[in-house]
Amino acid sequence: MAAIRVCDLRKSYGDVQALDGLSLSVDEGEFFGLLGPNGAGKTTLINVLVGLVRATGGEASVFGYDVVDHYREVRDRIGLAPQEYNVDRFFPIREVLEHKAGYHGFDRRTASRRALEALEIVGIAGKADARFHQLSGGMKRRFMLARALVSGPELLILDEPTAGVDVQLRHDLWEIIERMNAAGTTVLLTTHYIEEAERLCDRVAILDQGRKVEVAAPDELTRRGTDTLDIGLANPPATAPQFSRDGVVSARMDDGRLLVTARGGSELVPDVLRDLETKGYTVTDLDVRRASLEEVFVDITRTAEGTL
Amino acid sequence: MTGSRTAPGSDGRTDAPYTDGGTGADTSEGGSLLGTDATTAAEAGQKAGGLTGVRALLRREILRFVRRPGNTFLPPMVTNVLYFAVFGVILGGRIDQIAGFDYIVFLLPGLIVLGTISNAFENASFSIFHGRWNEYIETVIVSPLSNWMFVAAYVVASAIRGLLVGAIIATIGLAFVTVTDRSIAVAEPLYLVAFMLVISTLFAGLGVVGGLWARDFDYLTVMNQFIVRPLVFFGGVFYSLDVLPTVYRLLSLSNPMVYMVNGVRYGFLGYSDVEPLLALMVLSGCTVVVIALDVWLFRRGYGIVN
């Protein structure tokens, strides 16, 4: 069963189409990333799933339950860490978690225990009696994750969970999320950090202007990008030799080194070396620089805009 | 506790079966949070959260005002000490009996109504608006509570605050009545209880509408100062309708507050300007309509959902 299934989803705010016929499916247990520029519709999609935004068209379901008709079944399965802080400031954070667990049906004793466990997992149990506004920026992000997981969700939705945090904390948070996923929790993650998606996600969807542009595994996407073969030659020529092979995009000389850009670059290495040998060059060293997901992402979203 | 997820044993393992399932049930391995359990609320045949969910929200709502007595209980105490001292004792001594009662005795039920409905209204409107303003009401909305559960928790908590304030005012009033060598008894206890329950619930329900409608903190002030208060002051808190010329007396009968004040006054004194049973029925009808409106607004997501 799909953890999330979205079909031709639409949401308009006046003239603005926040979601423009988005269709998407996330498998149970999957770690799924949503990438896209600001305003691509990522947060709108999340808010439709949890019931904070009502779609103007199309359908969305979570674990087979329609998000409107069976909103309680849907919401019981979701743990949400939104990008914007929306924490009850009347109560200490421990109690905020107790309330949240309570809303999901845990009795007071269990809710209380889960609240402390959640704070321990994210490493801020020592601040249990502090209020949210008294926490540091990093602790606030930790707390948002604790609140998302206190109800033991089957689907964890994280909207920019590591926005504005330092490298160490980012890795801490990743580790917790990865453990959740390894234990069977489906994760939907939006992020601006491409590295985050590359490292964590089984698949990513690239959204742009409320539509899905691409869905694939991060590896697959990077394979579609162009790699660079950085080749040192014993007798570098002034102009680069040309290659008539499928996949080679260009070749040029840069500071005495031959730079060949190619799709699936590593597979082309033997052919390129053979060609160079045939042309009488002696290769002294070779370095393959793989396309980053970031470059692919920029390419894809730029192309999508160009076709409008 | 029916409808709740059970606590695990002291060793952290879950021994008892889940009473309503729940997706967030503990795994059997040391009650770890990480990971999920196959048991879902739907599979266990019960709605997510069950009554435990609505109890948790009700508890949150009650704790919110109980823990801030300086903001919730102290102001009506001060105000009513002033009312009783100035209107009841200082001015009241110079006013003839109204409908056969000393003025301070006549005044007491009206002041209870004023305090009860103002606080019930303020609690619901403030709590909901504050949650919207700071967006933490989203945490409640994305929880598996049904629309009527949201309404029940906000309305019941707010009605309780109204009733507590009413009790505080009654105590202050009795102290003033006793000190001035007068006495007051409850003539119609069932009517008193019924009217107090109905008016506190009605204004808690109206407060929910106000909290969802407000776009700014100023709206809350406007609603209380310009709508609730004038209706109460012209609603017979401080005088009997008998003292009014006929035109104004008839006009007053279109003010719903007249029925509330007179209903509670009937409970205490056995005296009312209007027929108490009819008043009770009409007010109960209004309450049902307002609560239904609350549920409908939540269902529509009014003021919260885009």
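Those protein sequences? They're chains A and B, same order as listed.
Going by the working numbering, the first sequence opens with residue 538, and the numbers climb by one from there.
Going by the working numbering, the second sequence opens with residue 7, and the numbers climb by one from there.
We put the beta carbon where it would ideally sit given N, CA and C, even for glycine.
Hey, is glutamate 141 of chain B's beta-carbon within less than 8 Å of any beta-carbon in chain A?
Within the second sequence, residue 141 of chain B is the residue found at index 135, counting from 1. True, the Cβ-Cβ gap to chain A drops below 8 Å.
Beta-carbon of serine 246 of chain B versus every beta-carbon of chain A: anything under 8 Å?
As a first step, residue 246 of chain B must be located in the second sequence, where it is residue number 240. It does not; no Cβ of chain A falls within 8 Å.
Give the single residue among A/Lys749, A/Glu757, A/Val590 and A/Ala719 whose Cα lies nearest to the Cα of aspartate 545 of chain A.
The residue given as residue 545 of chain A occupies position 8 in the first sequence. Closest option to aspartate 545 of chain A, Cα to Cα, is A/Lys749.
Take serine 260 of chain B and list the residues in its own chain whose beta-carbon comes closer than 8 Å to its own, dropping the five residues that flank it on each side.
Start at 1 with the first residue of the second sequence, and residue 260 of chain B comes out as number 254. If we look at serine 260 of chain B and ignore the five residues flanking it on each side, it has no Cβ neighbours.
Opening and closing residue of the alpha helix (DSSP H) in which alanine 652 of chain A lies
The sequence position of residue 652 of chain A within the first sequence is 115, counting from 1. It spans 645 to 658 - the alpha helix (DSSP H) in which alanine 652 of chain A sits, taken as one unbroken run.
Which residue from A/Ser781, A/Gly601 and A/Ala828 puts its Cα closest to that of lysine 816 of chain A?
As a working note, residue 816 of chain A is residue 279 in the first sequence. Relative to the Cα of lysine 816 of chain A, the nearest Cα in the group A/Ser781, A/Gly601 and A/Ala828 belongs to A/Ser781.
For histidine 641 of chain A, which residues from the same chain have a beta carbon less than 7 Å from its beta carbon, with the 5 sequence-adjacent residues on both sides left out?
Here the question's residue 641 of chain A lines up with position 104 in the first sequence. Cβ neighbours of histidine 641 of chain A beyond the five flanking positions: Asp613 and Ser688.
For my contact list, leucine 208 of chain B and threonine 293 of chain B are in at a C-beta cut-off of 8 Å; report their separation, rounded to the angstrom.
Taking the second sequence and counting its residues from 1, the one referred to as residue 208 of chain B is at position 202. Taking the second sequence and counting its residues from 1, the one referred to as residue 293 of chain B is at position 287. With a Cβ gap of about 4 Å, leucine 208 of chain B and threonine 293 of chain B count as contacting.
Environment of glutamate 814 of chain A [buried if 16+ CB atoms lie within 10 Å]:
As a first step, residue 814 of chain A must be located in the first sequence, where it is residue number 277. Exposed.
From B/Gly99, B/Val146, B/Val171 and B/Ile178, pick the residue whose C-alpha is nearest to that of serine 124 of chain B; which is it?
Along the second sequence, one-based indexing puts residue 124 of chain B at 118. Nearest to serine 124 of chain B by alpha-carbon distance, out of B/Gly99, B/Val146, B/Val171 and B/Ile178, is B/Val171.
Taking Cβ positions, are aspartate 108 of chain B and arginine 188 of chain B nearer each other than 8 Å?
Taking the first residue of the second sequence as position 1, residue 108 of chain B is located at position 102. Taking the first residue of the second sequence as position 1, residue 188 of chain B is located at position 182. A contact, by the Cβ cut-off of 8 Å.
Less than 8 Å between the beta carbons of isoleucine 190 of chain B and leucine 203 of chain B, yes or no?
Counted from its first residue, the second sequence places residue 190 of chain B at position 184. Counted from its first residue, the second sequence places residue 203 of chain B at position 197. Not in contact: isoleucine 190 of chain B and leucine 203 of chain B (Cβ atoms no closer than 8 Å).
In chain A, which residues lie less than 7 Å from glycine 213 of chain B when you measure between Cβ atoms?
Taking the first residue of the second sequence as 1, we reach residue 213 of chain B at position 207. Simply none; closest approach about 17 Å.
Mind listing the chain A neighbours of threonine 58 of chain B? Cutoff is C-beta to C-beta under 8 Å, in chain order.
Here residue 58 of chain B corresponds to residue number 52 of the second sequence, with the count starting at 1. At a beta-carbon threshold of 8 Å, the residues of chain A lying near threonine 58 of chain B are Gly639, Gly642, Phe643 and Asp644, ordered along the chain.
Uninterrupted alpha helix (DSSP H) stretches inside the region 776 to 825 of chain A (no shorter than 4 residues):
You should have 802 to 815.
Checking contacts by CB at 8 Å: is histidine 636 of chain A closer than that to chain B?
As a working mapping, residue 636 of chain A is identified with position 99 in the first sequence. Taking 8 Å as the CB threshold, histidine 636 of chain A lines the interface with chain B.
Closer than 8 Å, CB to CB, is alanine 62 of chain B near chain A or not?
Taking the first residue of the second sequence as position 1, residue 62 of chain B is located at position 56. Yes, its Cβ sits closer than 8 Å to a Cβ of chain A.
State yes or no: is the C-beta of alanine 648 of chain A within less than 8 Å of the C-beta of glutamate 657 of chain A?
For the purposes of this step, residue 648 of chain A is taken as the residue at position 111 of the first sequence. For the purposes of this step, residue 657 of chain A is taken as the residue at position 120 of the first sequence. Their beta carbons are not under 8 Å apart, which means alanine 648 of chain A does not touch glutamate 657 of chain A by this criterion.
Is any beta-carbon of chain B found at less than 8 Å from that of asparagine 575 of chain A?
On the first sequence, residue 575 of chain A is found 38 positions in, with the first residue counted as 1. Answer no: the Cβ-Cβ gap between asparagine 575 of chain A and chain B never drops below 8 Å.
Per DSSP, which one or two residues make a beta bridge with valine 563 of chain A?
In the first sequence, the residue the question calls residue 563 of chain A occupies position 26. Answer is A/Ile541, bridged to valine 563 of chain A.
Please report the distance separating the alpha-carbon of alanine 173 of chain B from that of leucine 80 of chain B.
Taking the second sequence and counting its residues from 1, the one referred to as residue 173 of chain B is at position 167. Taking the second sequence and counting its residues from 1, the one referred to as residue 80 of chain B is at position 74. Using only the alpha carbons, I get a separation of about 13 Å.
Contact list for the region 620 to 636 of chain A against chain B, Cβ threshold 9 Å
If the cut-off is 9 Å between Cβ atoms, the region 620 to 636 of chain A has Glu621, Tyr622, Asn623, Val624, Asp625, Arg626, Phe627, Phe628, Glu632, Val633, Glu635 and His636 near chain B.
Taking DSSP as the reference, what is the three-state secondary structure of serine 549 of chain A?
To locate residue 549 of chain A, count along the first sequence from 1; it is residue 12. Taken through DSSP and simplified to helix, strand or coil, serine 549 of chain A comes out as strand.
Spell out whether any CB of chain B is found under 8 Å from the CB atom of aspartate 696 of chain A.
Residue mapping note: residue 696 of chain A aligns to position 159 of the first sequence, counting from 1. By this cut-off, aspartate 696 of chain A is not an interface position.
Since isoleucine 147 of chain B meets chain A, which of its residues come closer than 9 Å, beta carbon to beta carbon?
As a first step, residue 147 of chain B must be located in the second sequence, where it is residue number 141. Simply Val587, Gly588, Leu589 and Arg612.
Apart from the five residues just before and just after phenylalanine 834 of chain A, which ones in its own chain have a Cβ nearer than 7 Å to its Cβ?
What you label residue 834 of chain A is simply residue 297 of the first sequence in a count that begins at 1. Cβ neighbours of phenylalanine 834 of chain A beyond the five flanking positions: Leu572, Ile731 and Ile743.
Any C-beta of chain A within less than 7 Å: which residues of the region 101 to 116 of chain B qualify?
Listed by position along the chain: nothing, the set is empty.
Classify histidine 136 of chain B as buried or exposed, calling it buried when 16 or more other Cβ atoms lie within 10 Å of its own Cβ.
Here the question's residue 136 of chain B lines up with position 130 in the second sequence. Buried is the call here.
Would you kindly check if the distance between the Cβ of valine 301 of chain B and the Cβ of tryptophan 154 of chain B is under 8 Å?
Counting from 1 along the second sequence, the entry for residue 154 of chain B is found at position 148. Counting from 1 along the second sequence, the entry for residue 301 of chain B is found at position 295. Yes, the pair counts as a contact, with Cβ atoms nearer than the cut-off.
If you reduce the DSSP assignment to three classes, tell me which class glycine 137 of chain B lands in.
As a first step, residue 137 of chain B must be located in the second sequence, where it is residue number 131. Note: glycine 137 of chain B maps to helix in three-state DSSP.
Run of the alpha helix (DSSP H) containing lysine 749 of chain A, from where it starts to where it stops
Here residue 749 of chain A corresponds to residue number 212 of the first sequence, with the count starting at 1. Not the alpha helix (DSSP H): lysine 749 of chain A falls in the beta strand (DSSP E), residues 748 to 753.
Do glycine 721 of chain A and aspartate 703 of chain A have their beta-carbon atoms positioned less than 8 Å apart in this structure?
Taking the first sequence and counting its residues from 1, the one referred to as residue 703 of chain A is at position 166. Taking the first sequence and counting its residues from 1, the one referred to as residue 721 of chain A is at position 184. No, Cβ-Cβ distance for aspartate 703 of chain A and glycine 721 of chain A is not below 8 Å.
Determine the chain B residues that contact leucine 617 of chain A at a beta-carbon separation under 7 Å, and present them in chain order.
Counted from its first residue, the first sequence places residue 617 of chain A at position 80. Close to leucine 617 of chain A, with beta-carbon spacing below 7 Å, are these residues of chain B in chain order: Val148.
Could you give the distance in angstroms between the alpha-carbon of leucine 672 of chain A and the alpha-carbon of leucine 617 of chain A?
Here residue 672 of chain A corresponds to residue number 135 of the first sequence, with the count starting at 1. Here residue 617 of chain A corresponds to residue number 80 of the first sequence, with the count starting at 1. Rounded to whole angstroms, the gap between the alpha carbons of leucine 672 of chain A and leucine 617 of chain A is 20 Å.
Cβ-based neighbour list, leucine 845 of chain A, same chain, cut-off 8 Å, excluding 5 preceding and 5 following
Translated into positions along the first sequence, residue 845 of chain A becomes position 308. A caution first: leucine 845 of chain A carries a pLDDT of 44, below 50, which makes its placement in the model too unreliable to give a value.
Residues near serine 787 of chain A in its chain [Cβ-Cβ closer than 6 Å; skip 5 each side]:
The residue you call residue 787 of chain A lines up with position 250 of the first sequence. Closer than 6 Å at the Cβ level, and outside the excluded window around serine 787 of chain A, lie Thr798.
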